[in-house]
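Colleague: Be aware that the sequence shown starts at 279, since it is given in the numbering used here, and climbs by one per residue. Glycine included, each C-beta is placed from N, C-alpha and C at the ideal position. Predicted model, so just to flag it, every value in this text is computed and none were measured.
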Amino acid sequence: MKNTTVRLTAALLSAALAAVCIRVLPDAFSAENGIRADAAAAQPLTVQIAAESVVPRASEMTVSVQIEGEIPGKAWIGIVPVGVSHTERDSDDHDVSWEWLRNVQDGAVTLNTPNTIGEYEIRCFDADDGAAKEVACIPIRTTYRGCMGAQLSVENRYVAPGSDVEISASLSGEIPGDAWIGFVPSDAGHSEDESDAVNGNWSWAKDISDGGYVIKAPNTEGNYDIRIFDGDGNHAYEVARVPVYVTADEEPKGLCVDLEVPDAVFRNAEIPIRISMTGEISKDAWIAVIPSEVAHTEKDGDDHNGAWRRLNEIENGELTLTAPEQVGNYDIRVYDGEDENTAKEIASQPFRVIYSTMRGKVSTDEAWVKPGKDVTVRVYITGEYPDEAWIAFVPTEIAHTEKDGDDHNGDWCRVTDIQDGVTTLRAPGEEGVYDIRMYDGEKEGAVEVAFCTLTVSKKPPVRSAFEPVSGLDLNDKKGTLKEDNYNVLGWTREGDWAL
């Protein structure tokens, strides 16, 4: 808990309750007119939050926060792992970083992202007790670093042992201080720890200046990659590589290929590829889309490839291949043949398949609505997204994955059908607390982009409060609260009082 909250069951409402009530009366009530005027007129708390969906681990992130209504003193916002129940109690037990909502300044608050790579949510609650309600939630994903991009090339793929190799490097995005570049045997695994364990000559990526760098080739002949990683840890990502053949032959022969591939493409989209080839092109040399985790032998690449082409079919150094439907990390790989015993990979460039760049906000004019009534929903969207993006009513207790939302949604519509940022959805016929959730698609990989919460009930929900009728009878020998002294206007939950 952020701060200890006293909770007593109705059966234990005794002298302790009487004493607490006396202490809160000066703040919560007016002796002249009973319940405090500002409490009676207080507007329900509504919160809209927005942040980058992919953030570096172990860093500060800024969350935009828009608040309407009265901010309870113990309303809070925090980062919680995906999969944790959306109750306040469970979220409080598992949050990794949090802040009081009252500390929001200039529409923003700073939270510290967790050290562990994974899927998380930024959740906001209207109080710090087990009965509090979640009023906002958006998904985020932590990565090892920011979105560093790189393109590598060398003028000559065949180099002498121990010679200086000139590298052309185009770096983009954030370049972490521990990003590195180095020679790695081509048959080594492509994770950072596997490459780090066997790398030869290397340097920090920050030492690359003016797009060029010189690194010394290994002394042992063989097939190598020059690989660049966005960090020096197990979760670092290989952002580019180029194969180099270390040989003592004065006039080596063979096919050399350079690739230019986008850092990221949408699922099922056409991938524009620029390819430069020198040397003899075998009739069975080929290029393909292959998952990054697949081993780099010709046999493994052939067993797992997606879209592919023969190299001798490529004209003007340009081609397109269709991206997979499944989001994830992939390579464009080139092999100089298709004999699994002799063919080798001669070029490879990683890229990511993403679902969308959609960001947005969802809001309504009212915090509650009657069952079956139309609700005006205001939607703000940026970025690109597929046609199957959708928005719908979903019970608030349902997990926020796309599959769970889809399995339990009520009235809904396609985001593409929304005009001028406004749409209408019909409230569920059953009373309860619901979200209006917006997802960027309806297949695996789709995520919840935004949501807001409202109550569906025949009458407006009543805030928790006490209304004095005749005052507290202090002469009661047991100090208990008499039934005719106070009318209960609201409960935090059945059989449980929050003081």
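How close, in whole Å, do the beta carbons of residue 623 and residue 611 come, if the pair is a contact with beta carbons under 8 Å?
Modeller: At roughly 6 Å, the Cβ-Cβ gap stays under 8 Å, so residue 623 and residue 611 are in contact.
Colleague: Can you round the beta-carbon distance between residue 355 and residue 728 to whole angstroms, since I take them to be within the 8 Å contact cut?
Modeller: 15 Å between Cβ atoms; not a contact.
Colleague: Going by the beta-carbon positions, is the gap between residue 454 and residue 488 smaller than 9 Å?
Modeller: Cβ distance not < 9 Å, so residue 454 and residue 488 don't count as in contact.
Colleague: What does the Cβ neighbour count give for residue 484, buried or exposed, with the cut at 16 atoms within 10 Å?
Modeller: Exposed: under 16 other Cβ atoms inside 10 Å.
Colleague: Does the stretch 378-396 come close enough to the stretch 712-732 to have 3 or more Cβ pairs within less than 8 Å?
Modeller: They do not touch, by the three-pair rule.
Colleague: With DSSP run on the structure shown, which of helix, strand or coil describes residue 639?
Modeller: Looking at residue 639 - three-state DSSP - the assignment turns out to be strand.
Colleague: Tell me which residues share the same chain as residue 368 and place their Cβ nearer than 7 Å to its Cβ, disregarding the 5 neighbours each side in the sequence.
Modeller: Only 362 meet the Cβ criterion.
Colleague: Do residue 568 and residue 589 have their C-beta atoms closer together than 9 Å?
Modeller: The answer is no: Cβ separation not under 9 Å.
Colleague: What does the alpha-carbon distance come out to for the pair residue 325 and residue 406?
Modeller: Approximately 16 Å, taken between the alpha carbons.
Colleague: For residue 469, which of helix, strand or coil comes out of DSSP?
Modeller: Correct three-state label for residue 469: coil.
Colleague: From the DSSP output, read off the bridge partner residues of residue 523.
Modeller: 436 and 501, per the DSSP bridge assignment.
Colleague: Buried or exposed: where does residue 370 fall if 16 or more other Cβ atoms within 10 Å of its Cβ makes it buried?
Modeller: Buried, since its Cβ has 16 or more Cβ neighbours within 10 Å.
Colleague: Starting from residue 651 and walking both ways along the beta strand (DSSP E), at which residues does that stretch end?
Modeller: Looking at the DSSP string, residue 651 is not in any beta strand (DSSP E), and its letter there is neither H nor E.
Colleague: What does the Cβ neighbour count give for residue 697, buried or exposed, with the cut at 16 atoms within 10 Å?
Modeller: It is exposed - the Cβ of residue 697 has fewer than 16 other Cβ atoms within 10 Å.
Colleague: Any chance you could list the beta strand (DSSP E) runs of at least 3 consecutive residues sitting entirely within the stretch 543-584, in chain order?
Modeller: Qualifying beta strand (DSSP E) stretches, in chain order: 548-556 and 564-569.
Colleague: Would residue 563 and residue 614 be called neighbours here (beta carbons separated by less than 9 Å)?
Modeller: Closer than 9 Å, so yes.
Colleague: Could you tell me whether the stretch 575-590 touches the stretch 635-648, using the rule of 3 or more Cβ pairs below 8 Å?
Modeller: As far as the Cβ criterion goes, the stretch 575-590 does not touch the stretch 635-648, which means the pair count is below three.
Colleague: What does the alpha-carbon distance come out to for the pair residue 539 and residue 549?
Modeller: C-alpha separation (whole angstroms): 8 Å.
Colleague: Just to check, is the beta-carbon of residue 515 closer than 8 Å to a non-hydrogen atom of the ligand MN?
Modeller: No copy of the ligand MN appears in this structure; indeed no ligand is present at all.
Colleague: In this structure, how does DSSP classify residue 621 when only helix, strand and coil are distinguished?
Modeller: Three-state result, residue 621: coil.
Colleague: Measuring alpha carbon to alpha carbon, tell me which of 404, 593 and 646 ends up nearest residue 554.
Modeller: That would be 593, whose Cα lies nearest to the Cα of residue 554.
Colleague: Around the Cβ of residue 787, are there at least 16 other Cβ atoms within 10 angstroms (buried) or fewer (exposed)?
Modeller: Lying before the first or after the last residue shown, residue 787 is absent from the chain, which here runs from 279 to 777.
Colleague: Assuming contact is defined by CB atoms lying nearer than 9 Å, are residue 506 and residue 458 in contact in what I supplied?
Modeller: Yes. Within cutoff.
Colleague: Could you work out which residue in 401, 552, 717 and 515 is closest to residue 783 when comparing CA atoms only?
Modeller: Because the chain here runs from 279 to 777, residue 783 falls outside it and cannot be looked at.
Colleague: Pick out whichever of 351, 427 and 450 has its Cα sitting closest to the Cα of residue 410.
Modeller: The shortest Cα separation from residue 410 among 351, 427 and 450 belongs to 351.
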